[in-house]
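Working notes for the structure below.
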Amino acid sequence: MTENNSTHFGFETVNATEKAGRVRQVFDSVASRYDIMNDLMSFGVHRLWKRYAIELAGVRKGQKVLDLAAGTGDLSARFAGLVGPKGEVVFSDINAAMLEQGRQRMANDGLVGNVRYVQADAQYLPFPDNHFDCVTIAFGLRNVTDKQLALNSMYRVLKPGGRLLVLEFSKVDMQPLKTTYDFYSFKLLPKIGKFVANDEESYRYLAESIRMHPDQETLKGMMDKAGFERSEFFNLTGGVVAVHRGYKF
Amino acid sequence: MSIPELAFAGLEEALNQYVTLDPKAAAALAKLHGRAIALEIAGPEIRLFLIPGPGRLQVLRLYEGEPECVLRGSPMALARLSTANEKAVDQLFSGQISITGDTELGRRFGEILGALNIDWEEHLAAHVGDFVAHDIVDGARFIAERGRRTVDSVGQSIAQYIQTESKLLPERPEVQDFVAKIDTLRDDFDRLQARIDRLRNQTAPSNNEK
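Rendered as structure tokens:
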């Protein structure tokens, strides 16, 4: 967020109060085809990125996990398996349509009993201090209006010893890959979005929002500022995506 | 992201394909929800973690908690564990697979893997409907049974000739004996290596004194 209370919505500069509403419109529009969208945007590799994030999260039996921007629940489903019946996973998304898609998917997969659903804004988390062993946000932070505020809030709800995992599109660090990736994101993806979901604009926003997201080092600095220690990042697929991890001690 | 990551993801998908096709195995795995089992493959020294739960058996390369049970064996012994034609329990208690930690958990998990039983009719019905699936499977069974009898008969004759008369190939007990000897040799080699390392460590200080 900038000094004059404006922020980015893709490549557009908009008033900070507008962004949440515009992001909601995008996700209301793509919710029912969210999994297809992820497959299109990543050629299916998002499943491997998420696996990697799960392993870095180090979640185990009996722990409490908060999965923010949980989408259709790819991470939550795995966490629900890992924490066992005595653990707890809070499946959270700011968007009611996404939350409903996720809830249905989890129930269909038989994942009930240790999962709670909370519609929440990552900037103002409605949970007590020092509550979770792990907080994750996968492909969600770039849609948050004030990312620093969200990171501060995540830090607050983590227990001492807990860790934050941020999985997000990032800055490509290989030039040949960057050219191809730009062509795919800005030229092909919106057309595919139009063909598959009849929604070119939402897909254009998704590509633009990736480019406007802070790069690896900037995000790591923001995590440090929020109070996280031993912050580090892991580039995946040449930096197309990065996993940031930080601890609260 | 490394190739092993992809291999682990592939292994997880393949195992879950079997689990989704066998409701009994899926229900049994759901009862072990959240319990971590390490599988150690001797030789290539690969360690992977299996965490069962409702709807999915997760296969992880990294797991920060302590596994409740460790199953360790040669690739051959572990492969036999997951085939239904041999009793998994026999494998577990014959010394070919060692269990450390919660042995009851290891036994239960071994039994589930060993008993994965695929109901093809049910699987097919999801795509073509119950009646058609039943007819297809019945027809397939008839053809398979006739084919199996013919193949068995011809196969037995050929096998008998190759193994007994021409002595070109070994018989099954001979192969099993050979595989067991390789496992024993590997264990002997590991022990010898450990002994050499110990002797080397014992002589190391005297070298320093010179």
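In order, the protein sequence lines correspond to chains A and B.
Note that the numbering used here has the first sequence beginning at 1, numbered continuously upward.
Note that the numbering used here has the second sequence beginning at 250, numbered continuously upward.
Where is the CB? At the ideal position from N, CA and C, for every residue including glycine.
Keep in mind it's a predicted model, so treat the numbers as computed, not measured.
The distance from the Cβ of A:Gly-81 to that of B:Gly-302 is about 3 angstroms, consistent with a contact at the 8 angstroms cut-off.
Taking a cut-off of 8 angstroms on C-beta distances, the stretch 95 to 103 of chain A does not touch the stretch 128 to 137 of chain A, as fewer than three cross pairs fall below it. Per DSSP, B:Pro-272 is one residue of the alpha helix (DSSP H) stretching across 272 to 279. Between B:Arg-310 and A:Glu-55, the beta carbon gap of about 6 angstroms places them in contact (Cβ cut-off 8 angstroms).
In this structure, DSSP gives A:Pro-126 a state outside helix and strand, which the three-state scheme calls coil. Under the three-state reduction of DSSP, A:Thr-145 is assigned to coil, being neither helix nor strand. With a threshold of 16 other beta carbon atoms within 10 Å, A:Ala-53 meets it and is buried. Contact annotation: the stretch 311 to 324 of chain B touches the stretch 282 to 299 of chain B, with at least three C-beta pairs closer than 8 angstroms.
Under a criterion of Cβ atoms nearer than 9 angstroms, the residues of chain B adjacent to A:Pro-85 are, in order, His-282, Gly-283. In the structure shown, B:Glu-294 adopts coil according to DSSP, grouped into three states. As for any alpha helix (DSSP H) of minimum length 4 sitting wholly inside the stretch 84 to 118 of chain A, the runs are 96 to 108, ordered along the chain. Proximity of A:Lys-159 to chain B, defined by a Cβ-Cβ separation below 8 angstroms, is not satisfied. For B:Ile-286, no CB of chain A lies under 8 angstroms from its own CB, so it is not counted at the interface with that chain. Against chain B, the beta carbon of A:Glu-55 has neighbours under 7 angstroms at Leu-309, Arg-310, Leu-311, listed in chain order. By the 16-neighbour rule on beta-carbons within 10 angstroms, A:Lys-86 is exposed. The beta carbons of B:Ala-364 and B:Ile-346 sit no closer together than 8 angstroms.
Contact check for A:Gly-110 against B:Gly-304 passes: the beta carbons are separated by less than 8 angstroms. Counting along the chain, no alpha helix (DSSP H) covers A:Phe-233; the unbroken beta strand (DSSP E) around it starts and ends at 229 to 236. Between A:Gly-62 and A:Val-83, the C-beta spacing is below 8 angstroms. Nearest Cα to A:Val-166 within the set A:Ala-207, A:Leu-177, A:Gln-216: A:Gln-216.
Between B:Ala-277 and chain A, the shortest Cβ-Cβ separation is not below 8 angstroms. Taking C-beta atoms as the reference points, B:Arg-357 and B:Leu-281 count as a pair closer than 8 angstroms.
In the DSSP annotation of this structure, the continuous segment of the alpha helix (DSSP H) that includes A:Glu-200 starts and ends at 200 to 212. By the Cβ rule, the stretch 118 to 125 of chain A counts as touching the stretch 149 to 160 of chain A, because three or more pairs are nearer than 8 angstroms.
DSSP, read as helix, strand or coil, puts A:Ser-153 in helix. The C-beta of A:Lys-225 has fewer than 16 other C-beta atoms within 10 Å across all chains shown, which makes the residue exposed.
Taking a beta-carbon distance threshold of 8 angstroms, A:Asp-67 does not count as an interface residue toward chain B. Contact between A:Tyr-117 and A:Phe-91 is confirmed by a C-beta separation of about 5 angstroms, below the 8 angstroms threshold. For the C-beta of A:Lys-61, the chain B residues within less than 8 angstroms are, from N- to C-terminus, Gly-283, Arg-284, Ala-285, Gly-314.
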